[in-house]
Structures are given as C-alpha cells and as structure tokens.
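Visitor: Residue numbers (the numbering used here): 2 to 336. Note that CB positions come from ideal geometry on N, CA and C, so glycine has one too. Quick caveat, the model's predicted, so the values are computed rather than measured.
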C-alpha cells in the first residue's frame, strides 16, 4: 500500500513538472527539492526485493528515472589536461551574523584563491573592507551599506581595470558587482551575484499547524528571483568579454529555471565535481537541526566557453548557513 501510494504520487509529480514547469508556486517549490522525492527508493526498493518482487518490478521505472537523472552526478568526470596557467576562484555567502569571521578570514587566506567573491558580508566589512587580508588581496571592491545591507565584496590578487555595481532587481538598486581584469593577455569580466531569496511577505494560505518551516514554505514566491535571472541572462548573453561568474543564486539546480541559467554558461561543479554539491542550509542559531546535511545547491561558479574547469570542491562549515565553493579554471585551448 505504501509503495503503491508513493509510486502514484511521484509519477503524478513528474507529469505535473513536465506539463507546468515552475509556473505554479507550489510546484516550483517541489521542483527545487525534486531529488529528495527519490530518497524513499533507497529503502523501498531493497525491501520490495526481499518481500514482494511485483512491487519491486513496479518501482523499477522510478529507479531508472533516478539513475538517468542523478546517476551522472556521481560518475567520474573527465578532468581536462591543460598546460595553461590556472585561476583559482572562491565564492562564499559568509552570512552577516557569522560569529566565526576570524576563521573565515584564515580559511580564505589559506585557500590560495586568486579571486574571492563574498556575499552577505557583515556591516563592519562594508565600512572597513577586509583589512586583515590586504597583504594577500590588495585589490578589494566592497559594497557600501547604502547599496545593500550585508552586501557583496570581491577580493583579488589581480588589479581591477573597471569596477561596477549594477541592478538586477529592476528598481535601480545597484546590488550586484562586475569587475574586469587582465590575465594571460586577456581581458576578463568577473561577476559577483546574490539573487533574491524566493520567499514573499505573505503566505499563500493560512494553516493552524504551528511549524516555522511550513510557514516559510507557504510564502514561497520565485517570481522576483526569476525576473532577476531573466535580466542576468540578458546581460550575460550580451557580455563581449570572456567571463567568470559566482555567487549565491538562491536557485536549486533541480528547479526548471536552472536550465535558463545553464543555457549559455557552464556550471563548474557540474563539469568536474561529484555528487549533488548541496550547499544550503547549514544549522546556524539552532533554527535547523544540526544533524541534517545541506539539502540544496544554491552556490555556483559559472564560466563562458573561453574557460575550462580543472577542479571544483566545497569548503568546510565556517559559521555560515552556506558552504563555500572553490574552482580552478584555465583558459580553453580554443581561446
């Protein structure tokens, strides 16, 4: 009975996903967590093999879908060989109330990154910059508090040619960053992005159940973030320079709209990383059970076809509700 209900529910969800994509708020929320819907197969399928072979046979289509969908994430990747010089890049939503900023600074120093993209930096860093890292990263482009509380920052070993804060919200707020720099006789554009969290002010409907996670889910609203993705896609598609882009995109790679992000740019972790690469949420302030690992991938490093990814891996827990992402990239032989 349980297996039959599960099969019907999951097949029904897959049909709705194919038919409606992210167009319905509750379906978009389910899409963001699509991979979690297949987790019961880990228990149900072995049990069915032991107890009821007919049920195991009925579960086989779902096993096949899961294998084709998620299996490639875990397969060994072909790591490109390159004789070109490499750039090491780091992106990290550090969280503005992070109590371990000393550890964050020490880890950034030890990361050997050439380019560091930070989001949600504490207010003191917006005012003073990352002065303790000036010896390693003398070139710093830090947003002021007037632009964004818990804003963005770019730290670099390489001098900037141009710096720019620009708007994606559509209201004139310059809350994202673009810089250019020269490397290997090539001028490169670098974007630091922090998209809106897909949570609205009002719940879609009320419920007597007093659960903070349920109330948060009922406020799910991806329309403002999706509008940002549309504007970002237009901007990146028109970018004349080879580009690198990283940040907290507040978008699961299981969401249908992920395909719009991936259409004309390459996902470094998906190219050479292994596994789901989930980066959020981690437990902070006790609002999320500490024993549950990160469930969704929200943090990305993207690049144009002018680059190839040599390695990509996540950083350790460092007091934020996100994990950092590091990637080593080289100019493509075609460039």
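To which residues does DSSP link residue 113 through a beta bridge?
Guide: Residue mapping note: residue 113 aligns to position 112 of the chain shown, counting from 1. Answer is none; residue 113 lacks a bridge partner.
Visitor: Could you tell me whether the Cβ atoms of residue 258 and residue 23 are closer together than 8 angstroms?
Guide: Residue mapping note: residue 258 aligns to position 257 of the chain shown, counting from 1. Residue mapping note: residue 23 aligns to position 22 of the chain shown, counting from 1. A contact, by the Cβ cut-off of 8 angstroms.
Visitor: In the segment 26-71, which residue ranges form an unbroken alpha helix (DSSP H) of at least 4 residues, counting only runs that do not cross its ends?
Guide: Here the runs fully enclosed are 26-33, 42-52.
Visitor: Thinking residue 1 and residue 242 are a contact (beta carbons under 8 angstroms), I'd like their distance in whole angstroms, please.
Guide: There is simply no residue 1 to check, as the chain begins at 2 and stops at 336 in what is shown.
Visitor: Cα separation between residue 74 and residue 153?
Guide: Counting from one through the chain shown, the residue named residue 74 turns up at place 73. Counting from one through the chain shown, the residue named residue 153 turns up at place 152. So the alpha carbons of these two residues sit roughly 30 angstroms apart.
Visitor: Just to confirm the assignment: which complete beta strand (DSSP E) runs, minimum length 3, are found wholly within the segment 226-299?
Guide: Runs found: 244-249.
Visitor: Sort 172, 68, 220 by Cα distance to residue 42 and report the nearest one.
Guide: Start at 1 with the first residue of the chain shown, and residue 42 comes out as number 41. The candidate whose alpha carbon is nearest that of residue 42 is 68.
Visitor: Quick check on DSSP: helix, strand or coil for residue 329?
Guide: Here residue 329 refers to the residue found at position 328 when the chain shown is read from its first residue. Reduced to three states, the DSSP call for residue 329 is strand.
Visitor: On the three-state DSSP scale, how would you describe residue 205?
Guide: For the purposes of this step, residue 205 is taken as residue 204 along the chain shown, with counting starting at 1. Reduced to three states, the DSSP call for residue 205 is coil.
Visitor: Terminal residues of the continuous alpha helix (DSSP H) containing residue 21?
Guide: For the purposes of this step, residue 21 is taken as residue 20 along the chain shown, with counting starting at 1. Note, residue 21: alpha helix (DSSP H), 3-21.
Visitor: If residue 281 and residue 323 are in contact, beta carbons under 8 angstroms, what's the gap, nearest whole angstrom?
Guide: Translated into positions along the chain shown, residue 281 becomes position 280. Translated into positions along the chain shown, residue 323 becomes position 322. Correct: roughly 5 angstroms between the Cβ atoms.
Visitor: Within a Cβ cutoff of 7 angstroms, which residues of the same chain sit near residue 298, ignoring the five residues on either side of it in sequence?
Guide: Your numbering for residue 298 matches position 297 in the chain shown. Only 253, 254, 277, 278, 279, 280 meet the Cβ criterion.
Visitor: Within this structure, are the beta carbons of residue 195 and residue 248 separated by less than 8 angstroms?
Guide: Locating residue 195 in the chain shown gives position 194, counting from the first residue. Locating residue 248 in the chain shown gives position 247, counting from the first residue. Contact flag set, yes.
Visitor: Within the continuous beta strand (DSSP E) that includes residue 157, where are the two ends?
Guide: The residue given as residue 157 occupies position 156 in the chain shown. Counting along the chain, the beta strand (DSSP E) containing residue 157 begins and ends at 154-157.
Visitor: How many Å lie between residue 79 and residue 208 at the Cα?
Guide: Walking along the chain shown from the start, residue 79 turns up at place 78. Walking along the chain shown from the start, residue 208 turns up at place 207. Looking at the two C-alpha atoms, the distance is approximately 49 angstroms.
Visitor: Hey, residue 332 and residue 85: beta-carbon distance below 8 angstroms or not?
Guide: Looking up residue 332 in the chain shown gives position 331. Looking up residue 85 in the chain shown gives position 84. Yes; because the gap between Cβ atoms is below 8 angstroms, this pair is in contact.
Visitor: When burial is assigned at 16 or more other CB atoms within 10 Å of the CB, is residue 214 buried or exposed?
Guide: Locating residue 214 in the chain shown gives position 213, counting from the first residue. The residue is exposed, with fewer than 16 neighbouring Cβ atoms inside 10 Å.
Visitor: Taking 8 angstroms as the cut-off, does the segment 4-12 touch the segment 56-72 (at least 3 CB pairs, one atom from each stretch)?
Guide: The segment 56-72 is in contact with the segment 4-12.
Visitor: To the nearest angstrom, how far is the alpha carbon of residue 335 from that of residue 231?
Guide: As a working note, residue 335 is residue 334 in the chain shown. As a working note, residue 231 is residue 230 in the chain shown. The alpha-carbon atoms of residue 335 and residue 231 are separated by roughly 28 angstroms.
Visitor: To the nearest angstrom, how far is it from the Cα of residue 316 to the Cα of residue 26?
Guide: Mapped onto the chain shown, residue 316 falls at position 315. Mapped onto the chain shown, residue 26 falls at position 25. Residue 316 and residue 26: Cα-Cα distance of roughly 32 angstroms.
Visitor: Would you grab the beta carbon distance between residue 127 and residue 143 for me? Rounded to a whole angstrom, and I think it's under 8 angstroms.
Guide: What you label residue 127 is simply residue 126 of the chain shown in a count that begins at 1. What you label residue 143 is simply residue 142 of the chain shown in a count that begins at 1. Right, the Cβ-Cβ distance comes to about 6 angstroms (below 8 angstroms), so this counts as a contact.
Visitor: Would residue 265 be called buried (16 or more neighbouring beta carbons within 10 Å of its own) or exposed?
Guide: On the chain shown, residue 265 is found 264 positions in, with the first residue counted as 1. Result: exposed.
Visitor: DSSP three-state label for residue 96, please.
Guide: Position 95 of the chain shown, counted from the first residue, corresponds to residue 96. Residue 96 falls in the coil class under three-state DSSP.
Visitor: Rounded to a whole number of angstroms, what is the C-alpha to C-alpha distance between residue 88 and residue 309?
Guide: Stepping through the chain shown from its first residue, residue 88 is reached at position 87. Stepping through the chain shown from its first residue, residue 309 is reached at position 308. Their backbone Cα atoms lie some 10 angstroms apart in a straight line.
Visitor: Taking the alpha helix (DSSP H) that residue 216 belongs to, which residues open and close that run?
Guide: Locating residue 216 in the chain shown gives position 215, counting from the first residue. Looking at the DSSP string, the run of the alpha helix (DSSP H) that includes residue 216 is 213-218.
Visitor: Name the one or two DSSP bridge partners that residue 195 has.
Guide: Counting from 1 along the chain shown, the entry for residue 195 is found at position 194. Paired residues: 249.
Visitor: Name the one or two DSSP bridge partners that residue 304 has.
Guide: Within the chain shown, residue 304 is the residue found at index 303, counting from 1. DSSP lists 245, 267 as partners of residue 304.
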